[in-house]
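Beneath this line is the structure, given in structure tokens, with notes to follow.
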Amino acid sequence: MRGGAVPSLARWRRSLPPLSPSTPVGARADGPGRLAVLGLLCFSCTSGQIGGEVGHADPTTLETLGTCDVSREVGISEDDLSEDAVDAPFDLAALIDELDGFHVASTWAWGETLGERSMIEPPPGSSALEIDIRYVPGSTRLIEREPADLAADAGAAGAPATDSANQCAPLWAFDAEVAVRTENGAIDDTFVVVFVAHSAHLATAAFDLTPGDFSGTFELDADDDGESDLGDTRFALAWADGRLSGQLTAQVESGDETSVGSLEVARFPKDGCSYGYDLPADSTLIARAEAALSELALFDLTWPDGTVTELSLLHDFGPSCLAPSSTPPILAVDLTTAAESADGGIDGIWELTASVGFDTGDQAVFVELMRRDPASFEPGQFAAETGITGIPVGSDLAATFILQLSDTPSDAEPAQGSLSVLESRPASCDMTPEEPTDGGGVAPGCAGDELFEIGTATLRSAR
10 MRGGAVPSLA RWRRSLPPLS PSTPVGARAD GPGRLAVLGL LCFSCTSGQI GGEVGHADPT
70 TLETLGTCDV SREVGISEDD LSEDAVDAPF DLAALIDELD GFHVASTWAW GETLGERSMI
130 EPPPGSSALE IDIRYVPGST RLIEREPADL AADAGAAGAP ATDSANQCAP LWAFDAEVAV
190 RTENGAIDDT FVVVFVAHSA HLATAAFDLT PGDFSGTFEL DADDDGESDL GDTRFALAWA
250 DGRLSGQLTA QVESGDETSV GSLEVARFPK DGCSYGYDLP ADSTLIARAE AALSELALFD
310 LTWPDGTVTE LSLLHDFGPS CLAPSSTPPI LAVDLTTAAE SADGGIDGIW ELTASVGFDT
370 GDQAVFVELM RRDPASFEPG QFAAETGITG IPVGSDLAAT FILQLSDTPS DAEPAQGSLS
430 VLESRPASCD MTPEEPTDGG GVAPGCAGDE LFEIGTATLR SAR
């Protein structure tokens, strides 16, 4: 793609790739998760400065909250790094040492999630890739930030208020040369990019891939519907506790630029986290998260009629993912759990997910466990699929259940939660037309099926 325009590529342009400070995930998030966004400039073979422009959503997350402006950058000398003179809440020098010389050989899924009308070169398929990272000496700096003036940016008196200053805490950043080589030839070049060090466990970077600015055969065409255009193509990297993962996304805009979305072009590792960052199997955070979840094993379960039985949960742990830019860390953990009650009212296998939050000392401070997919089961299949018979459901109705458990490992209070069973029933529909009030009639309508709770059992750990 070096040299010359790429035919039929719709509006590629360079912009500011972002990185996002912390937010909770899972049930602890306050409403839709909210993230502050800091834009960082791609430096492909140029000297590095961090821009203060903001506005693009982090391609590894789904939500955004407000923005932060970069107010000042303060350079940090190599001597200060070696003498621990940096007032960071973690060992910044040790993190840089971890990344300097870091090498990863992985496999990424290339173009496998694109629609049939999207044209990509090289063709879709798994491909090996290698990435080497080299720290640029003398590039470390402190980024001071302040809440952006959203009202001024929006040009409207009714713009929402800015976030508090603690949402825009200082960040530490440094430049690194990132060499990317892919077996399928899509990318074969070295980029100078900015890494932001969020904590001892996480450093992230993001940079644009602009046609003609790098070596490789990567090309991507917009859908041939005439209604959408391709914008920036952005490569986001995350080093999480010793493991590197990444995602390549393309921004998609409607023809009138009223809506913006993104396409996943590629990701590595191939079967890695779809939300958050991949951790190595020997991560201390994973071991501590699994230890905290293992404590959620034995409960007193009270059925809706007041009878009490013992419920045991035996967990088989799946992948763990570090939540995007969470400080202190929050892990999302998948579990397959065998659930069995002493009275036989529960005997099944459940697919669950958990959020485990840590303090600055990497000790688990909250655990929340819930059902991974609350979708309903077909009529007559609920008991067989869930193993729940203690709350009976009608054989002619679809049904589902919701499980929620919460615990604070550091206190003496027991973990508590609930198991609710819900039936899907047709919504009540008024088939009698309303009386016309202005010469016209109102046709009756129906909202479709609705979920009705038919029983909730409470859980309290027996510890």
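For the sequence shown, our numbering assigns the number 10 to the initial residue and increments by one for each residue that follows.
Think of the CB as a built atom: it goes at the ideal place given N, C-alpha and C, for glycine as much as any other residue.
{"Query": "At least three beta-carbon pairs within less than 8 Å, the region 279 to 289 to the region 307 to 324", "Result": "no"}
{"Query": "Beta carbon of residue 200 nearer than 9 Å to that of residue 216", "Result": "yes"}
{"Query": "Rounded separation between residue 112 and residue 187 - CA only", "Result": "10 Å"}
{"Query": "Local conformation of residue 367 per DSSP, three classes", "Result": "strand"}
{"Query": "Minimum C-alpha distance to residue 254 - residue among 228, 214, 389, 206", "Result": "214"}
{"Query": "Beta carbon of residue 459 nearer than 9 Å to that of residue 416", "Result": "no"}
{"Query": "Residue 463 (DSSP reduced to helix, strand or coil)", "Result": "strand"}
{"Query": "Own chain, CB closer than 6 Å to residue 180, minus 5 neighbours either side, in chain order", "Result": "152, 205"}
{"Query": "Beta-ladder partner(s) of residue 291, from DSSP", "Result": "For residue 291, which the question treats as bridged, DSSP gives no partner whatsoever."}
{"Query": "Residues of its chain near residue 250, where Cβ-Cβ distance is below 8 Å and the 5 sequence neighbours each way are ignored", "Result": "210, 211, 288, 289, 292, 293, 294, 331"}
{"Query": "Stretch pair the region 343 to 355 + the region 313 to 323: three plus CB contacts closer than 8 Å", "Result": "yes"}
{"Query": "Element boundaries [beta strand (DSSP E), containing residue 415]", "Result": "407 to 416"}
{"Query": "Burial state of residue 144, where buried means 16 or more other Cβ atoms lie within 10 Å", "Result": "buried"}
{"Query": "Between the CA atoms of residue 324 and residue 6 - distance to the nearest angstrom", "Result": "Here the chain has residues from 10 to 472 only, and residue 6 is not among them."}
{"Query": "Cα-Cα separation, residue 116 to residue 303", "Result": "32 Å"}
{"Query": "Opposing strand residues paired with residue 115 [DSSP bridges]", "Result": "138"}
{"Query": "Local conformation of residue 297 per DSSP, three classes", "Result": "helix"}
{"Query": "Close Cβ partners of residue 104 (< 7 Å) along its chain, the five nearest in sequence each way excluded", "Result": "206, 209, 212"}
{"Query": "Enclosing alpha helix (DSSP H) for residue 395 [first to last residue]", "Result": "391 to 395"}
{"Query": "Proximal residues to residue 194 (C-beta, below 7 Å), its chain only, five neighbours per side dropped", "Result": "131, 225, 226"}
{"Query": "Ordered list of beta strand (DSSP E) runs contained in the region 322 to 376, each at least 3 residues", "Result": "339 to 350, 356 to 367"}
{"Query": "Neighbourhood of residue 463 by C-beta, 7 Å cutoff - its chain only, sequence neighbours within 5 removed", "Result": "400, 402, 430, 431, 432"}
{"Query": "Simplified DSSP assignment, three categories, for residue 77", "Result": "strand"}
{"Query": "Residue from 379, 422, 412, 436 with nearest C-alpha to residue 406", "Result": "436"}
{"Query": "Contacting residues, own chain, Cβ-Cβ under 6 Å from residue 470 (five flanking each side not counted)", "Result": "308, 423, 424"}
{"Query": "Range of the contiguous beta strand (DSSP E) that encloses residue 184", "Result": "180 to 191"}
{"Query": "Inter-residue Cα distance where the pair is residue 379 and residue 409", "Result": "13 Å"}
{"Query": "Helix, strand or coil at residue 257 according to DSSP, with G and I counted as helix", "Result": "strand"}
{"Query": "Span of the beta strand (DSSP E), counted from its first residue to its last, around residue 198", "Result": "197 to 208"}
{"Query": "Rounded straight-line distance, which links the Cα of residue 341 to that of residue 390", "Result": "29 Å"}
{"Query": "Pairwise C-alpha distance: residue 412 and residue 381", "Result": "9 Å"}
{"Query": "Enclosing beta strand (DSSP E) for residue 427 [first to last residue]", "Result": "425 to 435"}
{"Query": "Proximal residues to residue 259 (C-beta, below 7 Å), its chain only, five neighbours per side dropped", "Result": "229, 239, 242, 271, 272, 274"}
{"Query": "Close-in-space but distant-in-sequence residues of the same chain around residue 312 (CB under 6 Å, 5 per side omitted)", "Result": "399, 466"}
{"Query": "Neighbour-count burial assignment, residue 86, 16 or more Cβ in a 10 Å radius", "Result": "exposed"}
{"Query": "Residue range of the alpha helix (DSSP H) that includes residue 88", "Result": "87 to 91"}
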